[in-house]
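Working notes for the structure below.
Protein chains: 2
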Amino acid sequence: MPRSGQTDMAVLGALSIEPMSGYALRESIRDVLGHFWSESFGQIYPALAGLERDGFVRREGAAKRGASTFAITAAGRRRLRELLTEPVQAAPARNGLLLRLFFGRALGTEACRALIAGARADAERRLREFDALDARTAAEPQYADDAPFWHLTISAGRHHAHAVIAWADESLAALDHLDPDGR
Amino acid sequence: MPRSGQTDMAVLGALSIEPMSGYALRESIRDVLGHFWSESFGQIYPALAGLERDGFVRREGAAKRGASTFAITAAGRRRLRELLTEPVQAAPARNGLLLRLFFGRALGTEACRALIAGARADAERRLREFDALDARTAAEPQYADDAPFWHLTISAGRHHAHAVIAWADESLAALDHLDPDGR
DNA sequence: TAAAACATGTAATTTGTTACATGATTGA
DNA sequence: TCAATCATGTAACAAATTACATGTTTTA
Numbered sequence: 001m002p003r004s005g006q007t008d009m010a011v012l013g014a015l016s017i018e019p020m021s022g023y024a025l026r027e028s029i030r031d032v033l034g035h036f037w038s039e040s041f042g043q044i045y046p047a048l049a050g051l052e053r054d055g056f057v058r059r060e061g062a063a064k065r066g067a068s069t070f071a072i073t074a075a076g077r078r079r080l081r082e083l084l085t086e087p088v089q090a091a092p093a094r095n096g097l098l099l100r101l102f103f104g105r106a107l108g109t110e111a112c113r114a115l116i117a118g119a120r121a122d123a124e125r126r127l128r129e130f131d132a133l134d135a136r137t138a139a140e141p142q143y144a145d146d147a148p149f150w151h152l153t154i155s156a157g158r159h160h161a162h163a164v165i166a167w168a169d170e171s172l173a174a175l176d177h178l179d180p181d182g183r
Numbered sequence: 001m002p003r004s005g006q007t008d009m010a011v012l013g014a015l016s017i018e019p020m021s022g023y024a025l026r027e028s029i030r031d032v033l034g035h036f037w038s039e040s041f042g043q044i045y046p047a048l049a050g051l052e053r054d055g056f057v058r059r060e061g062a063a064k065r066g067a068s069t070f071a072i073t074a075a076g077r078r079r080l081r082e083l084l085t086e087p088v089q090a091a092p093a094r095n096g097l098l099l100r101l102f103f104g105r106a107l108g109t110e111a112c113r114a115l116i117a118g119a120r121a122d123a124e125r126r127l128r129e130f131d132a133l134d135a136r137t138a139a140e141p142q143y144a145d146d147a148p149f150w151h152l153t154i155s156a157g158r159h160h161a162h163a164v165i166a167w168a169d170e171s172l173a174a175l176d177h178l179d180p181d182g183r
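Residue numbers (the UniProt record's numbering), protein chains in the order written: chain A, 1 to 183; chain B, 1 to 183.
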């Protein structure tokens, strides 16, 4: 039974905004936190069970059939603040694109170009997703108190995507200079 | 015995540049690929054993006592090209800083400010590390053919660090506007 | 009424880290 | 000679994904 503090933080945090089912929890983590966080069913349900056992969430509605909603308790809010205050643990760096480019001499210049162009296209797509996400949250006045913080995370995503685009353009130009025949 | 293609790629790639011991492999992965990749002993040694069994690396020097060096074979180079050509698999997003900021209303504005300032300081430190890394590779003429590719990865790190700094400054200003008394 | 979406959970597997155990070599 | 560094490996644990199993509710 995985009980990482990280998963508990994400689950309690989401439930601190509004009560929802485990299914909805996963959907909103994917759709709203998706660009900087992820959780799978295999973690969410055991985490909910543990949090319920410890009195941090309360299950509302029948457990057996159909929908049951999980709500955060007062103890759960205290636990959330405790978790949020813990030092940020750096995720181990694992960037498959940069690993391939580092060995670009073995991979070949043309394949490198394609990888960089792909990363640039992904970044452009993410920028469009951020626009949509911004519009969605701005349209819901009940989240007004949370929106400024949500905006910080979207802004981080935008800055990152812009950085990828600038880097890609610069890098494609550098590879052209290295090997002027685009072949 | 973990045998992920990702670890094999990093190990074969490093050995494609020059033969070295498992220990040195870990050091150079930490020191050179550190800003975008990581491997631990628990993965490197089993990976080396598997690669040796499959004929992709050859152990030179006594296995029992003191140093033994691992060198990539011709089959290993073919295997490396094969691995490098595989599609980049996106690492699951896990950014503990942004997760905390997203729940910034529960964490408190002041703690958010401190987290952002910390991220900014980390980025500044990384920029200095990139300068040192650049100087180190530029000083070794034997890596001239690889250096242009290595430079792409360092440039990516720099762009990313600059993006973090710009985002942090913007975000700190936004939080000031939200709550003018810094208390 | 059939398909799609909602909903909950478990089990197997993968992936990776950390700690432990052991020993050789080198330099102060 | 003692400590630090180099070196190899295993075992225990932790974290997370994926696939599987099961059933309900809504909608076309």
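A virtual CB, placed ideally from N, CA and C, is assigned to each residue, including glycine. Keep in mind the model is a prediction, meaning the values are calculated, not measured.
Own chain, CB closer than 8 angstroms to residue i, minus 5 neighbours either side, in chain order
i: glycine 13 (chain A); result: Leu80, Leu84
i: alanine 10 (chain B); result: Ile29, Leu33, Trp37, Glu39
i: aspartate 68 (chain A); result: The residue asked about is misnamed: residue 68 (chain A) is serine in this sequence, not aspartate. Excluding residues within five positions, the ones whose Cβ falls inside 8 angstroms are Ser21, Arg59, Glu60, Gly61, Ala62.
i: glutamate 124 (chain B); result: Ala161, Ile165
i: threonine 73 (chain A); result: Gly55, Phe56, Val57, Arg58
i: alanine 168 (chain A); result: Ile116, Ala117, Ala119, Arg120, Ala123
i: alanine 173 (chain B); result: none
i: alanine 135 (chain B); result: none
i: tyrosine 143 (chain B); result: Ile17, Thr137, Trp150
Interface residues of chain B facing residue i [CB-CB closer than 7 angstroms]
i: glutamate 170 (chain A); result: Ser155
i: serine 28 (chain A); result: What serine 28 (chain A) touches in chain B: nothing, since even the nearest Cβ is about 11 angstroms away.
i: threonine 137 (chain A); result: By Cβ distance, chain B contributes nothing, its closest Cβ being about 11 angstroms from threonine 137 (chain A), past 7 angstroms.
i: leucine 133 (chain A); result: What leucine 133 (chain A) touches in chain B: nothing, since even the nearest Cβ is about 12 angstroms away.
Cβ distance (whole Å) where residue i is taken to contact residue j below 8 angstroms
i: glycine 118 (chain A); j: cysteine 112 (chain A); result: Actually they are not in contact, since the Cβ atoms of glycine 118 (chain A) and cysteine 112 (chain A) sit about 11 angstroms apart, beyond 8 angstroms.
i: serine 38 (chain A); j: alanine 93 (chain B); result: 5 angstroms
i: isoleucine 165 (chain A); j: arginine 128 (chain A); result: Contact doesn't hold; Cβ gap of about 13 angstroms is too wide.
i: alanine 71 (chain A); j: proline 19 (chain A); result: 4 angstroms
i: alanine 163 (chain B); j: alanine 163 (chain A); result: 4 angstroms
i: glycine 96 (chain A); j: glutamine 89 (chain B); result: 6 angstroms
i: serine 171 (chain A); j: leucine 152 (chain B); result: 5 angstroms
Contact set between residue i and chain A, taken where Cβ atoms lie within less than 7 angstroms
i: proline 92 (chain B); result: Ser38
i: glutamine 89 (chain B); result: Gly96
i: leucine 178 (chain B); result: Pro148
i: leucine 25 (chain B); result: What leucine 25 (chain B) touches in chain A: nothing, since even the nearest Cβ is about 14 angstroms away.
Within chain B, partners of residue i - CB distance below 9 angstroms
i: glutamine 6 (chain A); result: Arg94, Gly96, Leu99
i: aspartate 145 (chain A); result: Arg105
i: valine 11 (chain A); result: Correct list: empty, because the minimum Cβ distance to chain B is about 11 angstroms.
i: leucine 51 (chain A); result: Result: empty, since nearest Cβ-Cβ is about 15 angstroms, beyond 9 angstroms.
Nonlocal neighbours in the same chain, by C-beta distance under 6 angstroms from residue i, ignoring five residues either side
i: arginine 126 (chain A); result: Ala161
i: tryptophan 150 (chain A); result: Thr137
i: glycine 76 (chain A); result: Leu12, Phe56, Val57
i: leucine 51 (chain B); result: Val57
i: lysine 64 (chain B); result: Residue confidence is low: lysine 64 (chain B) scores 48 on pLDDT, short of 50, so the model does not pin down where it sits. No coordinate-derived value is stated.
i: residue 187 (chain A); result: Only positions 1 to 183 of chain A appear in the structure, and residue 187 (chain A) is not among them; the question remains open.
i: histidine 35 (chain B); result: Gly157
Per DSSP, the bridge partner or partners of residue i
i: threonine 69 (chain A); result: A:Glu60
i: methionine 20 (chain A); result: A:Phe70
Where residue i meets chain B, residues with beta-carbon distance less than 8 angstroms
i: phenylalanine 149 (chain A); result: Leu101, Phe102, Phe103, Gly104, Arg105, Cys112
i: leucine 115 (chain A); result: Val88
i: glycine 34 (chain A); result: Ala93
i: threonine 85 (chain A); result: Leu107, Ala111
i: leucine 127 (chain A); result: The contacting residues do not exist; leucine 127 (chain A) stays about 13 angstroms from chain B at best.
Chain-order list of residues whose beta-carbon lies under 7 angstroms from that of residue i (same chain, five-residue window excluded)
i: proline 2 (chain B); result: Low local confidence applies: a pLDDT of 46 at proline 2 (chain B) is under 50, so the model's placement there is unreliable, and no value is given.
i: leucine 101 (chain B); result: Cys112, Leu115
i: threonine 7 (chain B); result: Glu39, Gln43, Ala47
i: phenylalanine 130 (chain B); result: Ile154, Gly157, Arg158
i: leucine 178 (chain B); result: Thr109
i: phenylalanine 41 (chain B); result: Arg26
Interface residues of chain A facing residue i [CB-CB closer than 8 angstroms]
i: alanine 166 (chain B); result: His159
i: alanine 163 (chain B); result: His159, His160, His162, Ala163
i: serine 16 (chain B); result: Phe103, Ala106
i: leucine 48 (chain B); result: Under the 8 angstroms cutoff, chain A gives no residues; its nearest Cβ is about 17 angstroms from leucine 48 (chain B).
Within chain A, partners of residue i - CB distance below 9 angstroms
i: leucine 80 (chain B); result: Phe103, Ala106, Leu107
Residue i CB to nearest heavy atom of the ligand NAD below 8 angstroms
i: leucine 83 (chain A); result: Ligands are entirely absent from the displayed structure, and the ligand NAD is therefore not among its contents.
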